[in-house]
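Working notes for the structure below.
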């Protein structure tokens, strides 16, 4: 359990290091998730709302088990670029 938590938290915090904010802060987050808002001024939305994001406190699989979702990967590629010709998630 400890390793599971460390991995999930590390991936989440690395997301902050890349400049990503909490998914539940988005304008299009479900109402039950918006109780945890921490401010959104200046946030840039790169993908649709992602319930599976490692950045989402409302993810039922706490930090998505430390695995990036397809939309997490798409956001990283949108912000930083990615290997040309490779589909998202590969």
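In the working numbering, the protein residues as written are 11 to 100. Note that beta-carbon positions come from the ideal geometry of N, C-alpha and C, so glycine has one too. Every value quoted in this text rests on a predicted model; they were computed, and no experiment measured them.
Cα atoms of residue 55 and residue 42: separation of roughly 20 Å, rounded to the nearest angstrom. The stretch 32-41 makes no contact with the stretch 83-92; the number of CB pairs closer than 8 Å stays below 3. Membership of residue 80 in the alpha helix (DSSP H) is indicated by the continuous run 80-90. A distance below 8 Å between beta-carbons, with the five flanking residues on each side excluded, links residue 79 to the following residues of its chain, in chain order: 60, 62, 63, 64.
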